[in-house]
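Undergrad: Take this structure, written in C-alpha cells, and hold onto it; I'll ask about it next.
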Amino acid sequence: MRRSVAFTALALSGVLLAGCSTSPANDAAPETSAPTTAADPTAIVDIRVGLEPTSLDVTTTSGAGLVQVMRGNVYQGLVGLTEDRTIVPALATEWDISEDGLTYTFTVRDGVVFHDGTPMTMDDVVASLTAASADDSKNPDAKRMTGVVSVTATDDSTVQIVLAERDINFLETLTTGAGYIVSQTSTVDLASATNGTGPYTLGQWNRGATLSLEPFADYWGDAPSNGGVVFHYIADEATAATALRGGELDVLVGASPETTELFAADDAFQVAEGESTSWMTLGFNHTVESLQDQRVREAIRRSIDKTELIEVLGGQALEVGTITVPSDTWHVDATDTAAFDTAEAKKLLKEAGYEDLELTLTVSNTYDTIITEFIAAELAEVGIDVTIETVEFATWLEDVFTNKKFEMTMVLHVDPATATYYANPNYYWSYDNAEVQGLIADARTALTEDERDEAMRDAVTLVAEDSASDWLYSPKNIIVAGSDVAGFAVDRNSTNFPVSGITIAE
Amino acid sequence: MTLTAAPLHAGRGTMIRAQRTARYIAGEVIVLITSLVVASMAIFGFLAVLPGDQAAILGGVEATPEQIEALRQQMGLNRPLWEQYLDWFGGVLTGDLSTSALDGRSVAAELGEKLQVTVPLGLLALLLSIVIAVPVGVLAAIYRDSAFGRVITALSQLSAAIPTFVLGLALVLLVALPTRLFPVQGFPADRWADPMEALRSLILPATAIAIGQSAVLVRFVRSVTIDILLKDWVRTGLAQGWPLRTVLVRHGARNAALPLLGIIGLEIAGILMGSVIVEQIFALPGVGGMLLSDVGNRDITSIQSTLFVLTALVMITTVVLTTLSRVLDPRVRSAS
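What follows is the structure, encoded as C-alpha cells:
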C-alpha cells in the first residue's frame, strides 16, 4: 500500500498556476497519447491505479486516490484544469477579474443538472463555495480558501467572489475540492454515493477492489468517448502486470521500472512516460542541533550520489536540485547547489565540528528499502552514522509529521505546492527562513504570472542554497497500456486524471 | 418385573448419558464465553497500544494540532480506555459492530459483503484440501514402506513448505494466463449474481490455499490410516478375505472421520491466514484485504470488530466440532 502518496498529495494540492483563459474548450480535455483509430464508444476502460479512496465525500475527505477519480470526472468547479495545467471553463462559461485582483465575477453555465436529476441553481453555487471557505469548513482544500471574504449571486447567472488579498492561484484553487459545486438540496450520503455535475456518475464501488464510473446521460458537455471506466485497486504490482497481459486491464498507471521492462518490447503494449510533480524528499528536522547548521545539511546533500541512486532504482527518474520539475513555469536547475562531492562534504562537516555524527532516518515502510540503505551507505562514507528506523505510514504520520519527533525522514511529496511549505515554519521540517517566507508571499500576491514565477524561482533557489532539505529524485510517471488504448493523461495524473477522452479501438 | 427392569435400566442410562453430555456442553459454552471475553479484551488492548492515531490519519498532513484534537474529541478517542471498551464490546454483544470512523459505514454491512468472498473461498479451499488429502494420505499409509509412499510423503512436505504467494503466482502464470479459463485477479462487482462467474474467480485462489493446507492434512490422514491398518479388526477382516478397499472405506473411514473433524477445526485458522495472502495476490475483495487496508488506515473500530468476529467464528467452530466428535464417538466421551 503506497499510502504516503495519498496523504502528501491530499487535497491540499495547491498549485501556483493561474491565468485566465476564456476559450470555449471542453472541461479538462485530456491530451491524446496516440492516434485514435476507430474507437468503440461503448468500450469499458479498465485502469489500475494505486490508491483507493477511504470515503467518497469530496467535501470532507482528502487523498490522491479520491482526487484522481473525482476531479473533473464526477465533480466540477466553476473552472477546470487541463493536463497541461491550463484553466478552462467548466460550470462557468467565462469570468472577469477586477483590476486589483480581488473580485472574481463568473458567468454560470445554464442547463447544468446534478446526477440526481435536479438542476444546478445559483443557490448551490453560492452555498458550496461559502461552505468550503467557512472558518469551520472540513473541506481538505479549505486552507486555500481562507482569503475569500464573500460569495454572492449578483443575478440569476452571475456569482461574485471577493478576496481579502490578491491570490494569483485562486482560479487553480477553484479546480480543487474546495471549488466543487455540490447540490444543497440533495440527501445523498456523499461518503458512499456521489452527486456531482461531471460527465460520469458513480457506478459501483466494490470496496477493496474496484470503482466504476458510468457516463451521465444528462451531462451538459460532450459525452465521454468510452462506455465507462473501471478503476482497479490492485496492491500487488505483479498481479496488475499479469492482469494487463491477460487482457483484464487496459491501462496501468504508475508502473514500476520492472513492470515497464516486461512490456517495453511487446508491440501489443505501449509505454508512455509522463511528468510527475513529486519529489522524493530527504527532510531535515531544523530543530535538531546538528541539522541547524547549513554546513551539515549541505554535507549530507553532497554525500549522496543522486545519479547512482537513480540508476539503482531503474533509471526512470529525474535529478532535481530543489523542489521544482522542468514543467513548472518557475523551474530552476539547482542541481549544482550541492553537487556530489564527498571531499567537500567531509570538509564542511569538519568545519562545523561534526566529524562523527549520528543521525536517525525515520521512514515509512511504503518505500523501497534500497533507497534508505543507499543513503545510509553514502553517509557512512563521510562519517555520518545513520540508523534507519522503518515505521508504518500511520506511525510516521503521528511521530514524524504531527509530533515532529525525528531527525531525518524521507517522503514522496506529490503536491506541486510543496515548494510553498518552505514558507511555513510549522510544517514538519520546522524550516524557518524569513526571506523564503517573504518571497513565497510575494509569489502568491503577484500581479502577473511572470512576477510570480520570478519570486518562486528566487524562493526555491534560496531553499536549495540553504539545503533546507535534500531532493533525491523526481520519479517519472510511467503508464503501460494496450496499444489499442488512446487519450489518457500521462502527466501528473495522480491528482488530475480526466478519463472521458480515453478510447479503446474497436 | 424383570420385563420392565431392562427398559427402566436402559432409560436411566440414557438419562445419565444425556445429563453428562448436557453438563459437558454447558462447560464448553462457559469456557467459550470466557475465552471470547478475554479475546475481546486482548484485541482491544493490543489495538489501543498500536502507534498511529486515527484522528491524525483523518486529518491528513495539512491538519493543525487543534483540528486533530477536535477530531479526537468528536470520535471519542480521548475518553478513558475502559469506557471505549465497554462501549464497543457492549455494542458487539447486542449485534452492533459499530461504524467505521473513516466513512461512517456499518462494519457489519462491510464485513457481510467481504465474507461473501472469504467464506466461499475458505470452504472451497477446505473442500479441495480434503479431496486432495484423503486419497493421497491413504495411499501414503498403504504404501508407507515402499518408495512410492516415501515420494508422496516427501512431496506433501515440499508443498507445505512452498509459501502460498508463490503457489498463487505459479497458478496465475501456469494456469490462468495460458488457458484463460480463470481470471487473473478480481471478483465480480455484483458478487454472486452470476454464481459460475464468481466461482471461476475463486478456483485458483482456493487451490493455492488448498495445496499448502492439504499437505498438513495428508500427514494426518496417513497416520490415522496407519493406526487403523494396524488394528486387530482390520487384520481380522483382511484375513477373512475382505478386500482392503472395503475394510478401509466401510470401517476405516468412519473411524478416521471423527479425528479429522478436530483437525478441520484447526485448519480453519490456517485457511483464514492463507486467505489474507491469497486475496492480495488475486486482488479479491475479502476480509483479508479489508483488514490490511483498515490497519493501514488505523480504522480501529473496524479492525476490532472484524478480528472479534473472526476469532469468534474460529472458536465456535472448534467447540462445535470437538463437541460433535465427543457426542458422536463414545471413546472420546469416556476418555474425557
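First to last, the protein sequences are chains A and B. The first sequence begins at 6 in my numbering and counts up by one. The second sequence begins at 188 in my numbering and counts up by one. All C-beta atoms, glycine included, are put in the ideal place defined by N, C-alpha and C. Please read these numbers as outputs of a predicted model, since none were measured by experiment.
Give a yes or no on whether the C-beta atoms belonging to V307 of chain B and L389 of chain B are separated by under 8 Å.
TA: The sequence shown places Pro at residue 307 of chain B, rather than the Val named in the question. Contact flag set, yes.
Undergrad: Using a Cβ-Cβ distance cut-off of 8 Å, determine whether R250 of chain A contacts chain B.
TA: At least one chain B Cβ lies under 8 Å of R250 of chain A.
Undergrad: If we count the other Cβ atoms within 10 Å of its Cβ and call it buried at 16 or more, is V224 of chain B buried or exposed?
TA: Exposed: under 16 other Cβ atoms inside 10 Å.
Undergrad: Using a Cβ distance threshold of 8 Å, determine whether the stretch 440-447 of chain A contacts the stretch 277-292 of chain B, with at least three qualifying pairs required.
TA: No: the two stretches stay apart, fewer than three of their Cβ pairs being nearer than 8 Å.
Undergrad: Alpha carbon to alpha carbon, how far is T59 of chain A from G232 of chain A? Give it in angstroms, no decimals.
TA: So the two alpha carbons sit approximately 26 Å from each other.
Undergrad: Could you compute how far the alpha carbon of L207 of chain A sits from the alpha carbon of A277 of chain A?
TA: Cα to Cα, L207 of chain A sits roughly 28 Å from A277 of chain A.
Undergrad: With 8 Å as the threshold, decide whether the Cβ of E316 of chain A is near any Cβ in chain B.
TA: No - not a single Cβ of chain B is within 8 Å of the one on E316 of chain A.
Undergrad: Ends of the beta strand (DSSP E) at I483 of chain A?
TA: That run of the beta strand (DSSP E) goes 482-487.
Undergrad: Give the range of the beta strand (DSSP E) segment to which F111 of chain A is assigned.
TA: First-last of the beta strand (DSSP E) with F111 of chain A: 108-113.
Undergrad: Which first and last residues belong to the beta strand (DSSP E) in which S217 of chain A is found?
TA: Unbroken beta strand (DSSP E) run through S217 of chain A: 215-220.
Undergrad: If you follow the beta strand (DSSP E) that E363 of chain A is in, where does it begin and where does it stop?
TA: Looking at the DSSP string, the run of the beta strand (DSSP E) that includes E363 of chain A is 362-369.
Undergrad: Are the C-beta of F398 of chain A and some C-beta of chain B separated by less than 8 Å?
TA: Closer than 8 Å to some Cβ of chain B, the Cβ of F398 of chain A qualifies, so yes.
Undergrad: Between the stretch 72-88 of chain A and chain B, which residues of the former have a C-beta closer than 7 Å to a C-beta of the latter?
TA: Those would be none; no residue qualifies.
Undergrad: I468 of chain B versus chain A: which residues are under 7 Å apart at the beta carbon?
TA: Under the 7 Å cutoff, chain A gives D241, T244.
Undergrad: Need the endpoints of the alpha helix (DSSP H) that R302 of chain A sits in, please.
TA: That run of the alpha helix (DSSP H) goes 299-308.
Undergrad: Taking all protein chains shown into account, do 16 or more other C-beta atoms lie within 10 angstroms of the C-beta of D377 of chain B, making it buried, or fewer, making it exposed?
TA: D377 of chain B should be labelled exposed.
Undergrad: Tell me which residues share the same chain as P262 of chain A and place their Cβ nearer than 8 Å to its Cβ, disregarding the 5 neighbours each side in the sequence.
TA: Cβ within range, chain order: L318, G319, G320, Q321, I483.
Undergrad: Flag T59 of chain A as yes if its beta-carbon sits less than 8 Å from any beta-carbon of chain B, otherwise no.
TA: Judged by the 8 Å Cβ criterion, T59 of chain A is in contact with chain B.
Undergrad: I'd like to know if A426 of chain B contacts chain A, where contact means its C-beta is closer than 8 Å to some C-beta of that chain.
TA: Judged by the 8 Å Cβ criterion, A426 of chain B is not in contact with chain A.
Undergrad: Is the beta carbon of T500 of chain A closer than 8 Å to that of V72 of chain A?
TA: Contact flag set, yes.
Undergrad: From which residue to which residue does the alpha helix (DSSP H) around Y272 of chain B run?
TA: Where Y272 of chain B is concerned, the enclosing alpha helix (DSSP H) stretches over 268-280.
Undergrad: Cα separation between V391 of chain A and V118 of chain A?
TA: Answer to the nearest angstrom: the Cα atoms are 58 Å apart.
Undergrad: Can you confirm whether the stretch 220-229 of chain A touches the stretch 158-173 of chain A when touching is taken to mean that 3 or more C-beta pairs between the two stretches lie within less than 8 Å?
TA: As far as the Cβ criterion goes, the stretch 158-173 of chain A does not touch the stretch 220-229 of chain A, which means the pair count is below three.
Undergrad: Using beta carbons (cut-off 8 Å, strictly below), is S480 of chain B in contact with chain A?
TA: Yes - at least one Cβ of chain A is within 8 Å of the one on S480 of chain B.
Undergrad: Count the other CB atoms, across all protein chains shown, that sit within 10 Å of the CB of L345 of chain B; report buried if there are 16 or more and exposed otherwise.
TA: Exposed, because fewer than 16 other Cβ atoms sit within 10 Å of the Cβ of L345 of chain B.
Undergrad: Could you please tell me which residues of the stretch 263-284 of chain B, in chain order, have their CB closer than 9 Å to any CB of chain A?
TA: Per Cβ criterion, the list is empty.
Undergrad: Which chain A residues are close to P472 of chain B, counting only those with a beta carbon under 7 Å from its beta carbon?
TA: Correct list: N211, R212, G213, A214.
Undergrad: For A196 of chain A, return the contacting residues in chain B, with the cut-off set at a CB-CB distance below 8 Å.
TA: Chain B residues near A196 of chain A: D290, G291, R292.
Undergrad: Are the C-beta of T407 of chain A and some C-beta of chain E separated by less than 8 Å?
TA: No chain E is part of this structure, whose protein chains are labelled A and B.
Undergrad: If the criterion is Cβ atoms closer than 8 Å, does the pair F379 of chain A and L467 of chain A meet it?
TA: Against a cut-off of 8 Å, the Cβ pair of L467 of chain A and F379 of chain A comes out as no contact.
Undergrad: Give the straight-line distance between the Cα atoms of V193 of chain A and T199 of chain A, rounded to the nearest whole angstrom.
TA: Going from the Cα of V193 of chain A to the Cα of T199 of chain A covers about 7 Å.
Undergrad: Could you please give the first and the last residue of the uninterrupted alpha helix (DSSP H) stretch that includes D414 of chain B?
TA: 382-416 is the span of the alpha helix (DSSP H), which, as asked, contains D414 of chain B.
Undergrad: Which residues does DSSP pair with L257 of chain A in a beta bridge?
TA: Note: L257 of chain A sits in a beta bridge opposite A:R53, A:V485.
Undergrad: Can you find a C-beta in chain A that's less than 8 Å from the C-beta of V371 of chain B?
TA: Yes, its Cβ sits closer than 8 Å to a Cβ of chain A.
Undergrad: Where DSSP assigns a beta bridge to F236 of chain A, which residues make up the other side?
TA: Bridge partners of F236 of chain A: A:I52, A:L216.
Undergrad: 8 Å is my cut-off, CB to CB: does L207 of chain A come that close to chain B?
TA: Not closer than 8 Å to any Cβ of chain B, the Cβ of L207 of chain A fails to qualify, so no.
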